[in-house]
Each structure stands twice: as structure tokens, then as C-alpha cells.
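Report on the structure given below.
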DNA sequence: GTGATTCGGTACCGATCGGTATCGAAAGTA
DNA sequence: TACTTTCGATACCGATCGGTACCGAATCAC
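Protein chains in written order, with our numbering: chain A, 1 to 197; chain B, 198 to 394.
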């Protein structure tokens, strides 16, 4: 009997699932969370925006809670460590990343902030999205410039690495729009750099 | 005909309202917002916790939206300008105020963050609670120490005055608990003071 | 073709919620 | 006493939502 590839093994008989449906469902959930909040993100509204049937949703996730967890987990946060050649450039690049590129992430997170306090699974995936890669990237930048001698050895790395994303998140969630680039540069020049030197 | 006092004029015939009922309702709304979020804060749950009837609530506010606005507006934020005699002491006192005393305020605000984005009235009262007195108090502290010569004249006053409450709010709302006093002191020493001198 | 699965769409069910109306009792004023 | 309003409690209504079941059409493996 011929060996079956793992892919062929996993493939079931019958019509295969359209990968685009899953992607459009998760994107629709994220959009609706931002626009209408958790309660306003009904299964019917998700199906309508994703242009699919409700059955396509329940075929993939058993409950609404699992669906939202999947949508939050699908928020990809680029964790690239910037390398512009200067300390200031790296810090501005990293901070700008939180403020602008993660606008969608922060908005989705702000919309489920209340549920995070009551859903362990949701809290875990949310923390993994925000508190993980971004803080690690900023930490790596600062520590690299410690090695270069541009940042003092006893600088409050963890404090700053946690403060910048927190402030960006707080600002975005409270004002409901991304930080201005000027404000980001000002924060780096007036707050971050003085604290590190 | 004898002159009527304004108080007597306002007093209606019939059983007067119990002022304690209004207070317990608003407190119950705040508690429930923190524990159960906006959707979980049902009129029935509020009445049960406040030990009153649902009619007592609808007699005072026409809709749930108005009730929540009143509960948020009832969050009193002390706007005292600390005067400890030293710049560092004043900054620590002000920052500690946001981090600890306003724990309840930040939790309530975090619970309605999603609704704030869609309810103008709610956004206004929320901003009035957080973005008003606290920022003004911190601004006053810094400007006073500019006059004393301890803070440089071109210091980024507005940036710092906005950053500290924002960071405290972001931290409380994300971690769902108050900031440690050590963390507050560290933030003042490592971030705020270097930025101001 | 045959069978299995997914597709979008719809009908249905039980539960919940916001809001209204009403009740008898209590607590005030005139 | 007569009247008015608030009190807690309850019944009720319309709407909505999560979740389930089912439909005929489409799409795959065999």
C-alpha cells in the first residue's frame, strides 16, 4: 500500500474549505469590534460583512467567544528590530510602529478591554499580541545601544520598553485615533532619550 | 401671601425621594461596570445590587445610556495640587494620585472604553473626568516649579502632564490592577525628572 | 456517477434585555 | 383626612441574540 502524504491524509473527501472565507470572517470580526464593540459584533453582522452564511462561522468556531479569541490572535504584530544606524532613529522607528502601524491592533484591543478582565483565554491572547513582541523589540534596540555605549548601562530598559507601548495604547484607546508623528518624535526626544542617557 | 423659599417651592407634595437611593444606584452601576462590563450592567442587576426596584431607576433616568453617563460623571476626581516642598515630592504625589486613588475611575473608564467611541455624551463626560482636573493639577505643579527655577523654562509641560495620566490609565486598564508605588516612584525618577530638568 | 463536505441562506428556539405599566404600601403635604 | 409622590415588586411586550437544524447548490475524492 502506497504511503500517503500528511497533506493527503488530512484532506477529507468532499468540498474543501475556502481559505478566503476564514480570513474574511476574522477581518470582519476585527472591523466590527472596532466599530460596534463586543456586544455589537453579532454573528449575523459578521456573516453579513464577510459575505458568508452564519453556518460558515459556526462550522469553524463553536462559540462567539472562540471566534473573538481567534480574531484577536490573528492580529499580527511585526516585531522587527529597527536598525537605522542611530539611537534616535531606532527609537523613533520603534515608537512610530506602535503608534501608527498598530493602530488597528490598539483599536481592537480597546474594544475588548472590558471582556479581557473576565475572559482568561482572551486576556492571554491579547497580552501575547501586545505585551510580547513589541516590548521585546524595543528592549532589544535599547540593549544594543547599551553595547554601543550610547545608552548608560544602568538605564531603566524595562521601564521604557513598557512605557512606550503602554502610552501609545492609552492614547489611541482614549482618543480613538493614531498618535501624530510629531507627538511621537517629541516623546522620544523629550522623554525617552533623556531617560536613557 | 407669604414668600416661599426656593426650597419649599421645589418641594413637591407627596413622599420625597430618598437621596440614598440615587447614591446607591450610581455606586451599583460603577461596581457592575467594573465587574461585568457595559452589556453585563443590566437594569435588573443594578436594581438588585442597589436593593431597590427597577422603577426607582427609571424614575430618575430615562434610558440606560443616561444612567451610565450619570454614573461616570459621579466619579469624583480630586484635583488637588500637591505641595510637599520639593519638586520630586510633588511629582510623586501627583503621579501616585492617578495610579492609586483613581484606580476605581480607571477601571470604570476601561469598562466603557468601547462605548466611548460611539457615544458622544459618554465621551464628553469621560474626558471631563480624566483629561480635565488631573492634567490641570499636574500642569500647575510643573509650572510652579518652573517659576522656582527647578524646571527649565522650555520643558515639555503639556507632554509630561498628558503622559503620566495616560500611562497610568493604560497600565491599570491593561493589567487590571493599580500601579505599584515603587513603579510610580521609578517612573518619576527615571522618566519625568530627566525630561523636566 | 457516488458520496462526502462546504457553500450561502433561512427558519426556528430559548433566553435575555430595555422599557412600560401597574400594584399596594409607605411617607410626605395641605 | 384627602391627596400626591416614592417605595419595592411584578407582569408584560417587542426586539435581539446565540445557537441549532435544515435546505438545495457547488465542489472535491474515488
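Just so you know, even glycine gets a beta-carbon here, dropped at the ideal spot from N, CA and C.
Under 8 Å between C-beta atoms of residue 251 (chain B) and residue 241 (chain B) | Start at 1 with the first residue of the second chain, and residue 251 (chain B) comes out as number 54. Start at 1 with the first residue of the second chain, and residue 241 (chain B) comes out as number 44. Yes, Cβ-Cβ distance for residue 251 (chain B) and residue 241 (chain B) is below 8 Å.
In whole angstroms, what is the alpha-carbon distance linking residue 367 (chain B) and residue 246 (chain B)?
-> Taking the second chain and counting its residues from 1, one reaches residue 367 (chain B) at position 170. Taking the second chain and counting its residues from 1, one reaches residue 246 (chain B) at position 49. When the Cα atoms are used, residue 367 (chain B) and residue 246 (chain B) turn out to be separated by approximately 29 Å.
Since residue 231 (chain B) and residue 244 (chain B) are thought to touch, with beta carbons under 8 Å apart, how far apart are those beta carbons, to the nearest angstrom?
-> In the second chain, counting from the first residue as 1, residue 231 (chain B) sits at position 34. In the second chain, counting from the first residue as 1, residue 244 (chain B) sits at position 47. Going by Cβ atoms, the distance from residue 231 (chain B) to residue 244 (chain B) rounds to 18 Å, so no, they are not a contact pair.
Does the pairing of the segment 72-87 of chain A with the segment 134-144 of chain A give three or more beta-carbon distances under 8 Å?
-> Cβ pair count under 8 Å is three or more, so yes.
Would you check if there are 3 or more beta carbon pairs closer than 8 Å linking the segment 257-272 of chain B to the segment 309-323 of chain B?
-> The way I'd put it, the segment 257-272 of chain B does touch the segment 309-323 of chain B; three or more beta-carbon pairs between them come closer than 8 Å.
According to the Cβ coordinates, are residue 378 (chain B) and residue 327 (chain B) closer than 8 Å?
-> By 1-based counting over the second chain, the position of residue 378 (chain B) is 181. By 1-based counting over the second chain, the position of residue 327 (chain B) is 130. Result no, Cβ atoms of residue 378 (chain B) and residue 327 (chain B) do not sit closer than 8 Å.
Extent of the continuous alpha helix (DSSP H) to which residue 336 (chain B) belongs = As a position in the second chain, residue 336 (chain B) is number 139, starting the count at 1. Note, residue 336 (chain B): alpha helix (DSSP H), 330-344.
What is the residue span of the alpha helix (DSSP H) that residue 378 (chain B) lies within?
-> As a working mapping, residue 378 (chain B) is identified with position 181 in the second chain. Its alpha helix (DSSP H) spans residues 378-384.
Say whether the segment 102-115 of chain A touches the segment 21-40 of chain A, bearing in mind that this needs 3 or more beta-carbon pairs closer than 8 Å, one atom from each stretch.
-> Touching, yes, given that three or more Cβ pairs across the two stretches are closer than 8 Å.
Quick one: list the residues of chain A neighbouring residue 384 (chain B), beta-carbon separation under 8 Å, in chain order.
-> Within the second chain, the letter at position 187 stands for residue 384 (chain B). Those are 159, 163, listed as they occur along chain A.
8 Å Cβ cutoff met for residue 288 (chain B) and residue 388 (chain B) | Along the second chain, one-based indexing puts residue 288 (chain B) at 91. Along the second chain, one-based indexing puts residue 388 (chain B) at 191. Remark: C-beta atoms of residue 288 (chain B) and residue 388 (chain B) do not approach each other more closely than 8 Å.
Is residue 19 (chain A) buried or exposed, if buried means 16 or more other CB atoms sit within 10 Å of its CB?
-> Position 19 of the first chain, counting from 1, holds the residue named residue 19 (chain A). Counting of Cβ neighbours within 10 angstroms places residue 19 (chain A) among the exposed residues, the total staying below 16.
Can you tell me where the alpha helix (DSSP H) with residue 105 (chain A) in it begins and where it stops?
-> Numbered from 1 along the first chain, position 105 holds the residue referred to as residue 105 (chain A). Element bounds for residue 105 (chain A): 103-111.
Does DSSP classify residue 216 (chain B) as helix, strand or coil?
-> Translated into positions along the second chain, residue 216 (chain B) becomes position 19. Looking at residue 216 (chain B) - three-state DSSP - the assignment turns out to be helix.
Rounded separation between residue 260 (chain B) and residue 392 (chain B) - CA only | For the purposes of this step, residue 260 (chain B) is identified with residue 63 of the second chain, where counting begins at 1. For the purposes of this step, residue 392 (chain B) is identified with residue 195 of the second chain, where counting begins at 1. Residue 392 (chain B) has its alpha-carbon roughly 46 Å from the corresponding atom of residue 260 (chain B).
Does DSSP classify residue 152 (chain A) as helix, strand or coil?
-> The residue given as residue 152 (chain A) occupies position 152 in the first chain. The answer is coil: DSSP assigns residue 152 (chain A) none of H, G, I, E or B.
Cα-Cα separation between residue 248 (chain B) and residue 89 (chain A), rounded to whole angstroms | On the second chain, residue 248 (chain B) is found 51 positions in, with the first residue counted as 1. On the first chain, residue 89 (chain A) is found 89 positions in, with the first residue counted as 1. Approximately 58 Å, taken between the alpha carbons.
Do you know how far the Cα of residue 325 (chain B) is from the Cα of residue 75 (chain A)?
-> For the purposes of this step, residue 75 (chain A) is taken as residue 75 along the first chain, with counting starting at 1. For the purposes of this step, residue 325 (chain B) is taken as residue 128 along the second chain, with counting starting at 1. Straight-line Cα distance between these residues: approximately 32 Å.
How many Å lie between residue 345 (chain B) and residue 355 (chain B) at the Cα?
-> Locating residue 345 (chain B) in the second chain gives position 148, counting from the first residue. Locating residue 355 (chain B) in the second chain gives position 158, counting from the first residue. Going by the C-alpha atoms only, they are around 18 Å apart.
What is the DSSP secondary structure of residue 44 (chain A), counted as helix, strand or coil?
-> Looking up residue 44 (chain A) in the first chain gives position 44. Secondary structure at residue 44 (chain A): helix, using DSSP grouped into helix, strand and coil.
Is residue 91 (chain A) close to chain B, meaning its C-beta is less than 8 Å from at least one C-beta of that chain?
-> Residue numbering aside, residue 91 (chain A) sits at position 91 when the first chain is read from its first letter. Answer no: the Cβ-Cβ gap between residue 91 (chain A) and chain B never drops below 8 Å.
Cβ of residue 67 (chain A) less than 8 Å from any chain B Cβ?
-> Position 67 of the first chain holds residue 67 (chain A). Interface with chain B (8 Å Cβ-Cβ cutoff): residue 67 (chain A) is excluded.
Buried or exposed: which applies to residue 136 (chain A), given that a residue is buried once 16 or more other Cβ atoms fall within 10 Å of its Cβ?
-> Along the first chain, one-based indexing puts residue 136 (chain A) at 136. Residue environment: residue 136 (chain A) is assigned as exposed (fewer than 16 neighbouring CB atoms within 10 Å of its CB, all protein chains considered).
Sequence-distant residues of its chain with Cβ nearer than 6 Å to residue 284 (chain B) (five each side left out) = Residue 284 (chain B) sits at position 87 when you count from the first residue of the second chain. The residues are 342, 347.
Buried or exposed: which applies to residue 105 (chain A), given that a residue is buried once 16 or more other Cβ atoms fall within 10 Å of its Cβ?
-> The sequence position of residue 105 (chain A) within the first chain is 105, counting from 1. The residue in question, residue 105 (chain A), is buried, as its Cβ has 16 or more Cβ neighbours within 10 Å.
6 Å CB neighbourhood of residue 73 (chain A) in its chain, flanking five on each side removed = Here residue 73 (chain A) is taken as the residue at index 73 of the first chain, counted from 1. For residue 73 (chain A), the CB contacts under 6 Å within the same chain, skipping 5 residues up- and downstream, are 125 in chain order.
Considering only the beta carbon of each residue, do residue 108 (chain A) and residue 186 (chain A) sit closer than 8 Å?
-> Taking the first residue of the first chain as 1, we reach residue 108 (chain A) at position 108. Taking the first residue of the first chain as 1, we reach residue 186 (chain A) at position 186. At the C-beta level, residue 108 (chain A) and residue 186 (chain A) stay beyond 8 Å of one another.
Hey, out of B:329, B:358, B:390, B:370, whose CA is closest to residue 349 (chain B)'s CA?
-> Looking up residue 349 (chain B) in the second chain gives position 152. From the listed residues B:329, B:358, B:390, B:370, the smallest Cα separation to residue 349 (chain B) is found for B:390.
Go ahead and label residue 6 (chain A) buried or exposed: buried means 16 or more other beta carbons lie within 10 angstroms of its beta carbon, across all protein chains shown.
-> The count along the first chain starts at 1 and reaches residue 6 (chain A) at position 6. Per-residue confidence for residue 6 (chain A) stands at a pLDDT of 43, beneath the threshold of 50, marking its modelled position as unreliable; no derived number is given.
Using a Cβ-Cβ distance under 8 Å, would residue 236 (chain B) count as near chain A?
-> Taking the first residue of the second chain as position 1, residue 236 (chain B) is located at position 39. Closer than 8 Å to some Cβ of chain A, the Cβ of residue 236 (chain B) qualifies, so yes.
Counting only beta-carbon atoms, is residue 26 (chain A) nearer than 8 Å to chain B?
-> Locating residue 26 (chain A) in the first chain gives position 26, where the first residue counts as 1. Output row for residue 26 (chain A): interface = no.
Neighbour-count burial assignment, residue 16 (chain A), 16 or more Cβ in a 10 Å radius | Taking the first residue of the first chain as position 1, residue 16 (chain A) is located at position 16. Exposed, by the Cβ-count rule.
Under 8 Å between C-beta atoms of residue 32 (chain A) and residue 364 (chain B) = For the purposes of this step, residue 32 (chain A) is taken as the residue at position 32 of the first chain. For the purposes of this step, residue 364 (chain B) is taken as the residue at position 167 of the second chain. The answer is no: Cβ separation not under 8 Å.
Output, in sequence order along the chain, the residues in the segment 308-321 of chain B whose CB is closer than 9 Å to any CB in chain A.
-> If the cut-off is 9 Å between Cβ atoms, the segment 308-321 of chain B has 308, 309, 310, 311, 312, 313, 314, 315, 320 near chain A.
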